[in-house]
Amino acid sequence: MKAGIRKWNAASEQWRSAGFYRRWIGMLVLLAMFCVYLPHAEAATDWDSALEEIHTMYSDYTGLQVTLKSEGTRTQTLRKQNNADLAAINLKLKTVDSVLLNRLKAEAEAIKKKHSPLLEEYSSLGKQITAARKAGNLKSATLLEIKRNKLKAAATAARSEVKAKNTLLAEARAITAAKLKPAKDALAPIAGLKKQIAAQNKAASTAQAERTEADKRYKAAIAAGDAITAAAAMKLSYARMGELRTFGQQSYAWEQKITLALRAAEAKLPK
1 MKAGIRKWNA ASEQWRSAGF YRRWIGMLVL LAMFCVYLPH AEAATDWDSA LEEIHTMYSD
61 YTGLQVTLKS EGTRTQTLRK QNNADLAAIN LKLKTVDSVL LNRLKAEAEA IKKKHSPLLE
121 EYSSLGKQIT AARKAGNLKS ATLLEIKRNK LKAAATAARS EVKAKNTLLA EARAITAAKL
181 KPAKDALAPI AGLKKQIAAQ NKAASTAQAE RTEADKRYKA AIAAGDAITA AAAMKLSYAR
241 MGELRTFGQQ SYAWEQKITL ALRAAEAKLP K
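Start counting the sequence shown at 1; every next residue gets the next number (my numbering).
Have a look at this one:
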């Protein structure tokens, strides 16, 4: 009887031990399955979230591309027109009194050329006289002075004629400059505006380079079915497009100021 009880207790203990190990093994299997599944579940969740981001941003992303292109074309068109108008105004400024100024300049140069040999000889004799006196050669100095005095009247008249022609030219140029001043003053702000535009274009080129690179990554990620990389690239591209639009709007505002300056200059051109 006692032997039977001991056998029964031993069997029960063996059964409980086996059950315990089975439960423990089962728990390990479940834990292993959970650990394997969890990263996949998290990855799937990230991928779905990225896909949702693309879906949410897509309309704004493509719409901003269209807007950026349209506004860029608008700015380029205005800039091209402004450059053409500025060139035309500068040409008009150059032609004001150009016939008179060119004639007076030609006359002044002709008189100078005509009297140049006489005046050079007269000046040279004066230098030779000075040198002879310094050397103590009074005889040579006297002879040279006689030659110079013979030319003095003609040289004086020649200098007066050259001076008169140069004075007429200078006065005409001053009158023309006074006529042009209002228009040139109106054009003055344009140089500063163009410098601002050029400086901003450098900053815009950096943003554009980053946008181009982001767009390449976006397209490559779309082709690879990589929603996470595509979403990140789309967000970066969208941010840079926003910066470029701000730059573009500022450039357009500056070009509008240039247009106003050009209209003011046109109104002040000499009639």
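Even for Gly, the Cβ is constructed at its ideal location relative to N, Cα and C.
Remember, it's a predicted structure, so these values are computed and weren't measured experimentally.
Contact check, residue i vs residue j under 8 Å by CB: the rounded distance?
i: Leu180; j: Leu104; result: With a Cβ gap of about 17 Å, Leu180 and Leu104 do not count as contacting.
i: Tyr252; j: Met234; result: The pair is not a contact, with the Cβ atoms about 26 Å apart (cut-off 8 Å).
i: Ile129; j: Ala110; result: Actually they are not in contact, since the Cβ atoms of Ile129 and Ala110 sit about 30 Å apart, beyond 8 Å.
i: Leu68; j: Glu255; result: Contact doesn't hold; Cβ gap of about 16 Å is too wide.
For residue i, collect the residues of the same chain with a Cβ closer than 7 Å to its Cβ; drop the 5 residues on either side in sequence, then sort them by chain order.
i: Leu262; result: Asn82, Asp85, Leu86, Ile89
i: Lys112; result: Val162
i: Ala10; result: For Ala10, the predicted model reports a pLDDT of 46, less than 50, meaning its position is unreliable; a value from the coordinates is still stated below. Taken in chain order, the list of residues that qualify is empty.
i: Ala265; result: Ile89, Ala183, Ala186, Leu187
Hey, would you say residue i sits closer than 8 Å to residue j, going by beta carbons?
i: Leu244; j: Ala204; result: yes
i: Leu144; j: Leu119; result: no
i: Lys268; j: Ala186; result: yes
i: Gln273; j: Glu71; result: Missing from the structure shown is residue 273; the chain here goes from 1 to 271 and no further.
i: Ala50; j: Ala223; result: no
i: His115; j: Ala164; result: no
In terms of residue numbering, what span does the alpha helix (DSSP H) encompassing residue i cover?
i: Asn166; result: 138-224
i: Leu236; result: 227-267
i: Lys127; result: 98-134
What residues in its chain sit with their C-beta under 6 Å from that of residue i, if we drop five residues either side in the sequence?
i: Glu53; result: Ala231
i: His55; result: none
i: Ala229; result: Checking the sequence shown, residue 229 turns out to be Thr, not Ala. Excluding residues within five positions, the ones whose Cβ falls inside 6 Å are Ala221.
i: Phe247; result: Gln200, Ala204
i: Asp97; result: Thr176
Below 8 Å CB to CB, which residues in the same chain sit around residue i once its five sequence neighbours on both sides are set aside?
i: Ile190; result: Leu86, Ile258, Ala261, Leu262
i: Lys152; result: Tyr122
i: Leu64; result: Tyr238, Met241, Gly242, Arg245
Any heavy atom of the ligand HEM within a distance shorter than 7 Å of the CB on residue i?
i: Lys194; result: This structure lacks the ligand HEM, and indeed carries no ligand of any kind.
Three or more beta-carbon pairs under 8 Å between the segment 91-108 and the segment 164-178, yes or no?
-> The answer is yes - the segment 164-178 touches the segment 91-108, with three or more Cβ pairs under 8 Å.
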